[in-house]
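From first to last, the protein sequence lines are chains W and Z. Letter by letter, the first sequence follows residues 414 to 648 in this note's numbering. Letter by letter, the second sequence follows residues 80 to 976 in this note's numbering. The next block holds one structure in the form of structure tokens; read it before the comments.
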Amino acid sequence: MEKNFLEIKDLKKSFGNGEARQDVLRGMNFTVKKGEFCVLLGPSGSGKSTLLNIIGGIDTPDSGFVSIDGDKLEDMSEKQLTLYRRKHLGYVFQMYNLIPNLNVKENIEVGAYLSDNPLDVEEVLTTLGLQEHKYKYPNQLSGGQQQRVSIGRAVVKNPDILMCDEPTGALDYKTSKEILALIEECNEKYGSTIIMVTHNEAIQYMAHHVIRLRDGVVRHNDVNEKRIPAAQLEW
Amino acid sequence: MRNPLFKRIPKEIVSDWRKYLVIIVFMVVMIGVISGMYVGHDSMMFSVEESREKLHIEDGSFELSKKANEELLTSIATGEKANVRQFFIDKGMKKADRQVAKELEKALTENVKKVLEDEVRANCKAYGITEETLIKQQVDKTINEHLEDGIKKAKKSEEFQKNESEAYEKAREEVIKKVDKQWDKIAEQYDLDENDFTPVAVKIYEHFYREEAEDNNLDGEKDANLRIYQSDSKIDQASFNKGRAPENSGEIAIDRMHADNVGVSIGDKILVGGTKFKVVGLLSYVNYSTLHEKNTDFMFDAFGFDVGMVTPDAFEQLSSRVHYSYAYQYENKPANKIQQAEVSNHFLKALITQTLVHENELEDYLPEYLRQASNFAPSDIEGDSAGTAIMCYILIGVIAFIFAITISNTIDKEATVIGTLRASGYSKKELIIHYMSMPVIVTIFGALLGNIIGYTLFRNVAVGLYYNSYSLPNCHLVWSEIALVKTTIIPLLLMFLINLFVITKKLQLTPLQFLRHDFAKTKKTKARRLPRWSFMRRFRIRVLFQNMPNYLILIFGVIFVELMLCFAFGLPDSLDHYRENAPNMVFADYQYMLMSSQDEDGKTIETNEETAEPFCMKGLLYPKKATILARGMGSGGDEGVTVYGILDDSKYMKLPEQMKENEVCVSTAYRDKFGIKAGDIITLHEEYENKSYEFKVSDVVSYDGGIAAFMRKEQFHKMFETEEEAFNGFFSKNEITDIDEKLIATVITVEDIEKTTVQLNHSMGGAMDVFKYALIVLSAALIYLLAKIIIERNEQSISLVKILGFQNGEIGALYIAPTAIVVIVFSVISFVIGYYLMIWIFQLFIMQMDGYFAFYMKPFSMVLSVAYLLIGYAFVSVLDFIRIKKIPMDVALKNMD
């Protein structure tokens, strides 16, 4: 975990014009090392989701840059960005966004299809505790189970970075902890770099690296010396 | 790894099987019908063409009054003209010589006798013999003893020799003078002196026939006139649709279509000229694809006329006279119609002259290219079915839009999933391919199944239609490239392009826009202000505004439904209308066409019938413009136009007073078919000559019976350089009884016009009803699909208002009522659009054929076609209501962000 894998430099982004102009990111700087579990913490409107979208290559900054493993995203064409997302990223959203007429296993295969070296789908199903549900359709699953599938879909790609946007935002306490434990396991087991956006303060204790955002800038950039396993988190 | 998204396709089909079933049935039926028609057409045309070659169709035939000897046949086969003048001169000379010799002999004998008698009397006088009895005895004795010597001596005399040669010369001169006088007349009549004559070598075949009365129900009465040929004929052979050729003298094979019409089947016994025959085969003669008894018959008659085949033995045993008919084939086939006309013209000259010099008589001559019985059906089959093809494309277009809208709705519904997939690295192309695959697969499946059904079931239906009308050979399945293009490639392309356009446009959004459901191009659409109506009313209007694109598709679909209904009701209506109007389609109750205006003796044909009025007639061609839409199966060729020359004071056709030279009036049918109006210039040309005429259209006269132009008789003669007294026939109110039947080519009466519709009804009758109900079912199915889209689109809102506490009835009023209003309002508008569209399509269809047939719909049918739509929609709205009831409330919750 020595090398800087992700570098964010002077990132700025605003929406609207004139009086309605709103600066969401106002010169953001930080780095993330490979294999790190990084949490972006902040209240609503702090710019954390916008930041995640820019890192994920689905949104563009007004200025500054994002570089991953030395490659700057701003230099990439739309096609290259798609390829970048395809080869390096996994996405987990607050809403699970599963394909309704594909079963659990097939939804995970949707992720596996994109990767050159995907993980074994069956193994992922086991890891996520979805073996017994693998032939069920999304509408037959609980919210927590659907989120597991959505994590499965992202993880099975064996991505360099797993982007998680409020993955527990729509879940209850117990299920949230289970999901966090799974993400933690993916980080440890598969070595994926995790960038998780959350407003849940408790989650910071399980991360290697905590970045606090407020009003579009980094307020604190801390390395967590004493991590607590997800299962022991309380909020 | 295969893209797992593809696994969605079968699941989608299963989950929405009703919709896809309707779409697939739709496509299969339409593609099947079109493919069947094309394949049936191509197969039939191929079989007809092939049979002409295989069954050795003649290039023409002629009939002689007595059997031709070898010498005559050989002479005709050379194609050389005989020297008729010399023939007559030789013949005349021989006769004259004989006569001169006889006369000379007589005169000489008398002369010698007189000389001998004078000598005897002189001697008697010298010897004083006065008794007359003694003198006479002496005279007789001397004549008996010396007459011969005297004649011999006299013949040697110079005087006699001079007189003899003078007499011969005079007689011969007389012969030549007489022959030349006659010859000039004949030569002029048959153009025999033309210098650019080219001999046309032919191969001649005996093709004798007899005509006998056919009694097909053994009741002792004649049912039809049967023309019988021998089974060993080498020309104009038959193909057997059923059974076989006769093998012994008790067997006969007859025309398949005639047998079908009169209910004769294989194994039945029929009486032919009083002799019983067993029917062993149903055949189709290559030169009788329609049963035209005479070439001049206006319409064929498959009931009252029949052709048959017996063995040579049986032929011998029949009692009626043998028609010495000979068929021929050219040694060098002419390449086109103009050449055919030229060649047959040359051949006719050889035929006339050779028959004459061989002392036979030519009774009939007909080159094959003019033969109705072998050309009527193929040229009729040639016509395209552009109309149906256009209907097919419009339908595929509608289905493509239905797909595109459905998919566009699905994309909206799955926006966040698409956003996630795009964020995860799925490319736009992959998603386009994914969403395109369903319509493409369904089209391929529909086209495949449609083609299979087309090549089997519908092809047989199409071929059956041809068999119902004509005596055609057995038909083999032929691969049709046009069918493939029109039924598979074009629908696939249509489906592909329309969907590609809509889906590509839809997937242009960024992943983030999808994730945020941010579909609007401009951020804020202006909210439409509504008057202070009741809440429900405003809500309904909002629903209407929201669904505008879907309603546009609905309106488009409703127009198409009306188009189909217009077709379904209009086709039988048009046929009925044609039949009902048949009496208005003749100028006169009787229209007599004469072979010529003079009889055999060169006297002008006259009648005592008071209502009879002579007219002139000429067939010309009007060029049809080929268009992309109208091209296809057949070229259609040029349109035949009948030009009439009418008397100034005609009782049957009133022409405008001031018609100048080169001016014509055109029939309403001509105007309607080609959009010709007064003042236009039309150019008509001869079919078999490179000659054309220009006319100015002065007016339009009401006549729907055909494509015709009318001019004054005197101008007719001027334009076509015919004699002023010449005419081609009579119009008459009453039957003309005092003209020799031999001189009449055709009589056209109202019944003849009606025969056409009877034949059409016979050919199409059953198919038309099936077609009508199929179209009505398809219309209902289309409305079902369109209405379903609107409910699907609003599922989430419906679910939401359910949560809010709206009852099903109220929701129905919100979401079904706007659709109902749109359907009701547009049913009438769409009918009008569909009706005029149908007229346009019908016009295209008619352009492929000869003649004119107006599209007509009864007012009641018009009401029905709107009513059927509304009834169909009423059923669909009940289904919609059930669908609304079934929408669960969690739809709104589950898909909300």
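Where a beta carbon is used, it is the ideal one built from N, C-alpha and C, also for glycine. All of these numbers come straight from a predicted model, not from anything done at the bench.
- Taken atom to atom, the span from the alpha-carbon of Z/Asn-411 to that of Z/Asn-553 is near 29 Å.
- Counting only Cβ-Cβ distances below 7 Å, Z/Leu-84 has contacts in chain W at Val-523, in chain order.
- Here Z/Pro-457 has Val-127 as same chain residues with Cβ atoms under 6 Å from its own Cβ, once five neighbours each way along the sequence are excluded.
- Counting only Cβ-Cβ distances below 7 Å, W/Arg-439 has no contacts in chain Z at all, with the closest Cβ about 20 Å away.
- Out of Z/Gly-884, Z/Gly-636, Z/Leu-100 and Z/Ile-870, the CA that lies nearest to the CA of Z/Ile-473 is found in Z/Gly-636.
- If you draw a 10 Å sphere on the C-beta of W/Pro-551, you find 16 or more other C-beta atoms in it, and that means buried.
- Inter-residue distance for Z/Ser-328 and Z/Ile-475 is about 59 Å (C-alpha atoms, whole angstroms).
- For Z/His-796, the closest alpha carbon among the candidates Z/Gly-543, Z/Ser-559 and Z/Asn-741 is that of Z/Asn-741.
- Counting of Cβ neighbours within 10 angstroms places Z/Glu-641 among the buried residues, the total reaching 16 or more.
- Residue range 354-364 is occupied by the beta strand (DSSP E) that includes Z/Lys-355.
- W/Ala-583 is positioned such that its CB atom lies closer than 9 Å to that of W/Gly-556.
- Contact of Z/Val-496 with chain W is assigned, a C-beta pair being separated by under 9 Å.
- Counting along the chain, the unbroken beta strand (DSSP E) around Z/Glu-291 starts and ends at 288-294.
- Cβ contact annotation for Z/Val-258 (same chain, cutoff 8 Å, sequence separation greater than five): Arg-164, Phe-167, Ile-168 and Gly-171, in chain order.
- In the three-state DSSP reduction, W/Asp-475 falls in the coil class, being neither helix nor strand.
- The DSSP assignment places 586-603 as complete runs of the alpha helix (DSSP H) inside the segment 581-643 of chain W, in order along the chain (cut-off: 4 residues).
- Along the segment 454-486 of chain W, going in chain order, the ones with a CB nearer than 7 Å to a CB of chain Z are Asn-466, Gly-469, Ile-471 and Asp-472.
- By alpha-carbon distance to Z/Cys-471, the top candidate from Z/Asp-959, Z/Leu-699 and Z/Leu-857 is Z/Leu-857.
- In the DSSP annotation of this structure, the continuous segment of the alpha helix (DSSP H) that includes Z/Glu-793 starts and ends at 792-799.
- The Cβ atoms of W/Tyr-509 and W/Val-562 lie closer than 9 Å to each other.
- Counting of Cβ neighbours within 10 angstroms places Z/Glu-182 among the exposed residues, the total staying below 16.
- Taken atom to atom, the span from the alpha-carbon of Z/Gly-525 to that of Z/Ile-481 is near 15 Å.
- W/Ser-490 sits exposed, since fewer than 16 C-beta atoms from the chains shown fall within 10 Å of its C-beta.
- DSSP, read as helix, strand or coil, puts W/Leu-532 in coil.
- Between Z/Lys-301 and Z/Ala-824, the C-beta spacing is not below 9 Å.
- Rounded to whole angstroms, the gap between the alpha carbons of Z/Asp-95 and Z/Ile-918 is 37 Å.
- For the options Z/Ile-102, Z/Leu-586 and Z/Leu-556, the alpha carbon positioned closest to that of Z/Leu-528 is the one of Z/Ile-102.
- If you check the CB distance, Z/Val-365 and Z/Glu-293 do not come in under 9 Å.
- Among the bridge pairs identified by DSSP, Z/Asp-727 is matched with none.
- Neighbours of Z/Arg-87 in chain W, taken as residues whose beta carbon is under 8 Å from its own, are Ile-512, Asn-514 and Leu-515 in chain order.
- Where Z/Pro-967 is concerned, there is no enclosing alpha helix (DSSP H), because DSSP gives it neither an H nor an E.
- For Z/Asp-680, no alpha helix (DSSP H) segment is defined, and its DSSP state is neither H nor E.
- Note on Z/Gly-346: under 16 other CB atoms within 10 angstroms of its CB, so exposed under the neighbour-count rule.
- The criterion of a C-beta distance shorter than 9 Å is not satisfied by W/Leu-438 and W/Thr-473.
- In this structure, Z/Met-941 is the residue among Z/Lys-146, Z/Met-941 and Z/Ser-676 with its C-alpha nearest to the C-alpha of Z/Ile-912.
- Residue-level contact by beta carbon holds for Z/Pro-590 and chain W, with a gap shorter than 9 Å.
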